[in-house]
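Input: a single structure, listed below in C-alpha cells.
Residue numbers (this note's numbering): 1 to 291.
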C-alpha cells in the first residue's frame, strides 16, 4: 500500500497478525521483516503497519481524509486490507499443513492425528469462507450506495477504486478458501480409505490366525480327550492294548472333524445331488423311446 505523509509519498508494508507459535513446525522461507528504528537504511523508506499501530495510524493509510469523512466504507478500507493480509497468512499456513500431511508417508500411528487435523482445518476453512461471503455481501449492499451521494465525481472515483481493490482481495481469498477446502476433503477421503484398508488387512490376518488355531484345536483336542480317558486309574484300563487307544483316538478325531466340516459337507452333498439330478435328466432325454 501507499500513503501520503509529511515527508512525502511512502510505501506501507502490512505485517499481519501472527497465527503460528514459536513451536510451530511450519517455517516460511521468507521471514517477516524486522527493522531497527535507529537504522533508517533498514526500512528502505517504507512504513510498517501492524495490528498494534492500526488504531492510531489508520489515517496514514488513507489518501483523502475528506472522502473518509463522507464515506465510512472508504475509511474502513485499510482495516479490511489489513484483515485480508492476515487471512492470506492463515491460508498459507493451512496450505503448508496440507502439503506436509499429504507428502508424509502413511503411518497407522499418525493416521488418527492427521485425520483430526484435516477435519479441524477444513471446518476452519469453511467458517472463514462463510465470513468472507458475509463481508462481500455487506460491501455490495445497496444501502452503502447512499453514502456516496455527497461525493464529487472525482471523489467517487477514488472511493470506488478503493472498494474495488478490497472486493477483489476478498473474492480472491474466498476462492482460495473454497479450493483449499476441496483439497482437504480429498485428503480426508484418501486417509479414511487408507485407514479402512489397513483395518481390513488387520482383520484378514486375525481371521487367518484364528483359522490356524481352530485347525490345531481340531487335531489336539480329541487326542487330549482320549489320553485323559485312558489315563484314568481304572483296573479295566490297565492291561488294554495300545491299538485300542489308537483306534479310539482316530475314531474320535474323525468324528470331531466330521462335525467341524458338517456345513461344508452339507454344501458338497447339495452340489452332488444337483449334479446327479442333472445327469439323470440328460440320460433320460438321450434314451431312445420305443413305440
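Each residue gets a CB set at the ideal place from its N, CA and C atoms; glycine is no exception. Computed from a predicted structure; not experimentally measured.
Span separating the alpha-carbon of residue i from that of residue j
i           : j           : result
residue 84  : residue 111 : 33 Å
residue 87  : residue 194 : 32 Å
residue 134 : residue 208 : 56 Å
residue 247 : residue 108 : 52 Å
residue 200 : residue 182 : 27 Å
residue 273 : residue 255 : 23 Å
residue 47  : residue 94  : Any answer about residue 47 is weak, because its pLDDT of 45 lies below 50 and its placement is not dependable; what the coordinates show is given next. In a straight line, the C-alpha of residue 47 is about 28 Å away from that of residue 94.
residue 151 : residue 142 : 16 Å
residue 99  : residue 76  : 35 Å
residue 106 : residue 113 : 12 Å
residue 163 : residue 128 : 20 Å
residue 62  : residue 69  : 11 Å
Cβ-based burial, residue i [other Cβ within 10 Å; buried from 16]
i           : result
residue 82  : buried
residue 250 : exposed
residue 146 : exposed
residue 174 : buried
Pick from the options that is closest to residue i, judged by C-alpha positions
i           : options               : result
residue 191 : 78, 222 and 115       : 115
residue 67  : 214, 142, 243 and 158 : 158
residue 90  : 122, 74 and 76        : 122
residue 166 : 212, 97, 102 and 78   : 78
residue 125 : 153, 228 and 177      : 177
Uninterrupted alpha helix (DSSP H) stretches inside the stretch 183-262 (no shorter than 4 residues): Entirely contained in the stretch 183-262, the alpha helix (DSSP H) runs reaching 4 residues are, in chain order, 242-260.
Which full runs of the alpha helix (DSSP H) of 4+ residues lie inside the stretch 69-129, going along the chain? 72-103
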